[in-house]
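K.L.:
This structure is in structure tokens; I'll ask about it shortly.
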Amino acid sequence: MESSQHDGQRGGEPPAAVAFMPYATADSSLRALAGQAEGFGRHAIGGLHGDVYHVTTLEDDGDGSLREGCRRREPLWIVFDVSGTIHLTTPVRVSSYKTIDGRGQRVVLSGKGLQLRECEHVIVCNLEVERCRGHDADAVQVKPGSRHVWIDRCGLRDCADGLLDVTRGSTDVTVSRCRLSAHDKAVLIGASSGHVEDRAIRVTIHHCLFDGTRQRHPRVRFGRVHLYDNYTRNWGIYAVCASVESQIVSQCNIYEAGEKKKVFMYMKEQAADRDQSSTGLIRSEGDLFLNGAEECSAQDSEAAADEQWNFKIEDLDFYRSCSVQPASMALKELLECFTGWQPVPLPEDICLEGKTDSD
193 MESSQHDGQR GGEPPAAVAF MPYATADSSL RALAGQAEGF GRHAIGGLHG
243 DVYHVTTLED DGDGSLREGC RRREPLWIVF DVSGTIHLTT PVRVSSYKTI
293 DGRGQRVVLS GKGLQLRECE HVIVCNLEVE RCRGHDADAV QVKPGSRHVW
343 IDRCGLRDCA DGLLDVTRGS TDVTVSRCRL SAHDKAVLIG ASSGHVEDRA
393 IRVTIHHCLF DGTRQRHPRV RFGRVHLYDN YTRNWGIYAV CASVESQIVS
443 QCNIYEAGEK KKVFMYMKEQ AADRDQSSTG LIRSEGDLFL NGAEECSAQD
493 SEAAADEQWN FKIEDLDFYR SCSVQPASMA LKELLECFTG WQPVPLPEDI
543 CLEGKTDSD
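Heads up, the sequence shown is in the working numbering, so the first residue is 193 and it goes up one at a time.
Dropping the structure here:
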């Protein structure tokens, strides 16, 4: 993909149908995204209090590059003056208090992805990441010990390992309006049964489209996860997997089966500091099951015997505080159109902001 093929937009109004998606006012000004996330990542402010950094080149590194902006230590709101593909030879490590704002352009990261390691307050908006290759090559990695992260309107596809990993004690993450496709293992939350620090993980995934990915929508160990208003279709093994001690609320999601019908899978594993193995628990509320999709209950998997992992009332109250829409065919159509990268204009008040790049 070359920069001349995908011109971005500035000015103008988004399609009226977008108003029925969440965050209707998030594009009203450049920094309106900050602190707008629903769910566990709601405190993420990104580079709210920093200068605007302009990416002026599609080169992997150097002055005006995305990598240069991401590694700077000060808060920055990173925008793009160019469209096209950035071919990465190593992952881009994102430091704390950064917003990577792809509105107004179409930017694709290829070869390697983003690493959010030991950082906080990061927002990634309106990017595409694809064809990441090599060992442990994920589109987006959130590990270890990162927090207050919002991934919004990103298209993730075809990587060697996973599309999105949230592991090793990272927490307070929201993933919204993303499209995940052309892949096997989509989203991993919780690294392994040996990483008991993953009990701290809290993730919200909402208004996302899992389009033909085979499994892990997500797979969860230890953490607490809220899934709502997502559309998962044509999976190859299962849709959602709850393993050791995990707690998942699946609320008003659409599960449309292809050849494989099982929606929920429960897998026993033994935590490193426990004497017995356990599964997780999934609570389904208002989900829509299409084309013969089969909900497997906790009782079927013996998860109900693990009473110590039952949900607490205060947890459910928090989950229900989000602006959840009923699962419907209308929601399905919206998610098919308005997930992943979008031709959203960069808000016009960018003209009032100062410029920081290689200077």
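Note that the Cβ used here is the ideal one computed from N, Cα and C, for glycine as well.
Computed from a predicted structure; not experimentally measured.
At what residues does the beta strand (DSSP E) containing alanine 378 begin and finish?
P.N.:
Counted from its first residue, the sequence shown places residue 378 at position 186. Note, alanine 378: beta strand (DSSP E), 377-381.
K.L.:
Can you list, in chain order, the residues of its chain whose CB lies under 6 Å from that of arginine 226, leaving out five sequence neighbours each side?
P.N.:
Locating residue 226 in the sequence shown gives position 34, counting from the first residue. This sequence places alanine at residue 226; arginine is not what is there. Cβ within range, chain order: Ile237, Gly238, Leu240.
K.L.:
Buried or exposed for phenylalanine 327, please, with buried defined as at least 16 other CB atoms from any protein chain shown within 10 angstroms of its CB.
P.N.:
Indexing the sequence shown from 1 puts residue 327 at position 135. The sequence shown places histidine at residue 327, rather than the phenylalanine named in the question. With fewer than 16 Cβ atoms within 10 Å of its Cβ, histidine 327 is classed as exposed.
K.L.:
On a Cα-Cα basis, can you pick out the residue from Ile474, Lys452, Met459, Lys460 that is closest to leucine 482?
P.N.:
Here the question's residue 482 lines up with position 290 in the sequence shown. If we check each option's Cα against that of leucine 482, Lys452 comes out closest.
K.L.:
Confirm, please, whether the CB-CB distance from alanine 378 to phenylalanine 402 is below 7 Å.
P.N.:
Taking the first residue of the sequence shown as 1, we reach residue 402 at position 210. Taking the first residue of the sequence shown as 1, we reach residue 378 at position 186. Going by C-beta atoms, phenylalanine 402 is nearer than 7 Å to alanine 378.
K.L.:
Please report how far the alpha carbon of arginine 411 lies from the alpha carbon of glutamate 528, in whole angstroms.
P.N.:
Locating residue 411 in the sequence shown gives position 219, where the first residue counts as 1. Locating residue 528 in the sequence shown gives position 336, where the first residue counts as 1. One C-alpha to the other measures close to 23 Å.
K.L.:
Using beta-carbon positions only, say whether lysine 454 and cysteine 488 come within less than 7 Å of one another.
P.N.:
Start at 1 with the first residue of the sequence shown, and residue 454 comes out as number 262. Start at 1 with the first residue of the sequence shown, and residue 488 comes out as number 296. It is a contact, given that the beta carbons lie within the stated cut-off.
K.L.:
Roughly how many whole angstroms lie between the Cα atoms of arginine 234 and glutamine 228?
P.N.:
Stepping through the sequence shown from its first residue, residue 234 is reached at position 42. Stepping through the sequence shown from its first residue, residue 228 is reached at position 36. Approximately 6 Å between the Cα atoms of the pair.
K.L.:
Among Thr405, Gln439, Met459, Tyr458, which residue has its Cα nearest to the Cα of glutamate 448?
P.N.:
Counted from its first residue, the sequence shown places residue 448 at position 256. The residue with the shortest Cα to Cα distance from glutamate 448 is Thr405.
K.L.:
Please classify glycine 532 as buried or exposed, where buried requires at least 16 neighbouring CB atoms within 10 angstroms.
P.N.:
Within the sequence shown, residue 532 is the residue found at index 340, counting from 1. Glycine 532 should be labelled buried.
K.L.:
Could you tell me which residues DSSP pairs with methionine 634 in its beta bridges?
P.N.:
Residue numbering for the chain in the displayed model covers 193 to 551; residue 634 lies beyond these limits and cannot be assessed.
K.L.:
At what residue ranges does the region 364-448 contain a whole run of the beta strand (DSSP E), taking only runs of 3 or more?
P.N.:
With a minimum length of 3 residues, the continuous beta strand (DSSP E) runs that stay inside the region 364-448 are 371-373, 377-381, 394-398, 401-403, 416-420, 423-425, 432-434, 439-443, 446-448.
K.L.:
Measure the C-alpha to C-alpha separation of glycine 256 and isoleucine 440 and round it to an integer number of angstroms.
P.N.:
What you label residue 256 is simply residue 64 of the sequence shown in a count that begins at 1. What you label residue 440 is simply residue 248 of the sequence shown in a count that begins at 1. Each residue's alpha carbon lies about 42 Å from the other.
K.L.:
Since leucine 319 contacts cysteine 346 with CB under 8 Å, what's their CB separation in whole angstroms?
P.N.:
In the sequence shown, counting from the first residue as 1, residue 319 sits at position 127. In the sequence shown, counting from the first residue as 1, residue 346 sits at position 154. Between cysteine 346 and leucine 319 the Cβ distance is about 5 Å, and since that is below 8 Å, they are a contact.
K.L.:
Would you kindly check if the distance between the Cβ of isoleucine 343 and the Cβ of serine 367 is under 7 Å?
P.N.:
Taking the sequence shown and counting its residues from 1, one reaches residue 367 at position 175. Taking the sequence shown and counting its residues from 1, one reaches residue 343 at position 151. Rather than serine, the amino acid found at residue 367 in this sequence is valine. Going by C-beta atoms, valine 367 is nearer than 7 Å to isoleucine 343.
K.L.:
Run the CB neighbour count on proline 214, radius 10 Å, all protein chains shown included, and call it buried at 16 or more, exposed below.
P.N.:
Within the sequence shown, numbered from 1, the residue matching residue 214 stands at position 22. The residue in question, proline 214, is buried, as its Cβ has 16 or more Cβ neighbours within 10 Å.
K.L.:
Between isoleucine 542 and leucine 222, what straight-line distance do the alpha-carbon atoms span, to the nearest angstrom?
P.N.:
Start at 1 with the first residue of the sequence shown, and residue 542 comes out as number 350. Start at 1 with the first residue of the sequence shown, and residue 222 comes out as number 30. Answer to the nearest angstrom: the Cα atoms are 6 Å apart.
K.L.:
Less than 7 Å between the beta carbons of valine 314 and lysine 290, yes or no?
P.N.:
Within the sequence shown, residue 314 is the residue found at index 122, counting from 1. Within the sequence shown, residue 290 is the residue found at index 98, counting from 1. Yes. Within cutoff.
K.L.:
Could you please give me the residues that DSSP links to serine 513 through a beta bridge?
P.N.:
Start at 1 with the first residue of the sequence shown, and residue 513 comes out as number 321. Partner(s): none; serine 513 has no beta bridge.
K.L.:
Return yes when the Cβ of glycine 478 is within less than 7 Å of the Cβ of glutamine 443, no when it is not.
P.N.:
In the sequence shown, counting from the first residue as 1, residue 443 sits at position 251. In the sequence shown, counting from the first residue as 1, residue 478 sits at position 286. Cβ atoms of glutamine 443 and glycine 478: closer than 7 Å.
K.L.:
Return the first residue and the last residue of the beta strand (DSSP E) that cysteine 317 is part of.
P.N.:
Mapped onto the sequence shown, residue 317 falls at position 125. Cysteine 317 -> beta strand (DSSP E) spans 312-317.
K.L.:
Using the C-alpha atoms, what's the distance from glycine 231 back to aspartate 421?
P.N.:
Position 229 of the sequence shown, counted from the start, is the residue given in the question as residue 421. Position 39 of the sequence shown, counted from the start, is the residue given in the question as residue 231. Taking the straight line joining both Cα atoms gives about 13 Å.
K.L.:
Would a check of beta-carbon distances place glycine 337 closer than 7 Å to chain C?
P.N.:
Given the protein chain composition of this structure (a single chain), no chain C is represented.
K.L.:
How far does the alpha helix (DSSP H) with glutamate 528 in it reach, from first residue to last?
P.N.:
Counting from 1 along the sequence shown, the entry for residue 528 is found at position 336. Start and end: 521-529.
K.L.:
Would you report the Cα separation of aspartate 273 and glutamine 297, rounded to the nearest angstrom?
P.N.:
Within the sequence shown, the letter at position 81 stands for residue 273. Within the sequence shown, the letter at position 105 stands for residue 297. Distance between the alpha carbons of aspartate 273 and glutamine 297 is about 7 Å.
K.L.:
Please look up how many angstroms separate the CB atoms of leucine 380 and arginine 349, rounded, as I've assumed it's under 8 Å.
P.N.:
The sequence position of residue 380 within the sequence shown is 188, counting from 1. The sequence position of residue 349 within the sequence shown is 157, counting from 1. Contact doesn't hold; Cβ gap of about 16 Å is too wide.
K.L.:
Pop quiz: serine 470 and valine 436 are said to be a contact at Cβ under 8 Å. What is the actual Cβ separation, rounded to whole angstroms?
P.N.:
Residue 470 sits at position 278 when you count from the first residue of the sequence shown. Residue 436 sits at position 244 when you count from the first residue of the sequence shown. The pair is a contact, with the Cβ atoms about 6 Å apart (cut-off 8 Å).
K.L.:
Taking Cβ positions, are aspartate 390 and glycine 415 nearer each other than 7 Å?
P.N.:
For the purposes of this step, residue 390 is taken as the residue at position 198 of the sequence shown. For the purposes of this step, residue 415 is taken as the residue at position 223 of the sequence shown. It is a contact, given that the beta carbons lie within the stated cut-off.
K.L.:
Any idea which residues DSSP pairs isoleucine 292 with across the strands?
P.N.:
For the purposes of this step, residue 292 is taken as the residue at position 100 of the sequence shown. Looking at the DSSP assignment, isoleucine 292 forms a beta bridge with Ile270, Val316.
K.L.:
Go to arginine 349, then tell me how far its alpha helix (DSSP H) extends in each direction, as first and last residue.
P.N.:
Numbered from its first residue, the sequence shown carries residue 349 at position 157. Not the alpha helix (DSSP H): arginine 349 falls in the beta strand (DSSP E), residues 347-349.
K.L.:
If distances are taken between C-alpha atoms only, which option among Leu306, His246, Thr363, Val299 comes closest to isoleucine 397?
P.N.:
Taking the sequence shown and counting its residues from 1, the one referred to as residue 397 is at position 205. Checked all of Leu306, His246, Thr363, Val299; the closest Cα to isoleucine 397 is Thr363.
K.L.:
What separation, rounded to the nearest whole angstrom, lies between the Cα atoms of isoleucine 446 and serine 520?
P.N.:
Within the sequence shown, residue 446 is the residue found at index 254, counting from 1. Within the sequence shown, residue 520 is the residue found at index 328, counting from 1. Cα to Cα, isoleucine 446 sits roughly 8 Å from serine 520.
K.L.:
Any idea what DSSP makes of glutamate 451, helix, strand or coil?
P.N.:
Here residue 451 is taken as the residue at index 259 of the sequence shown, counted from 1. Coil.
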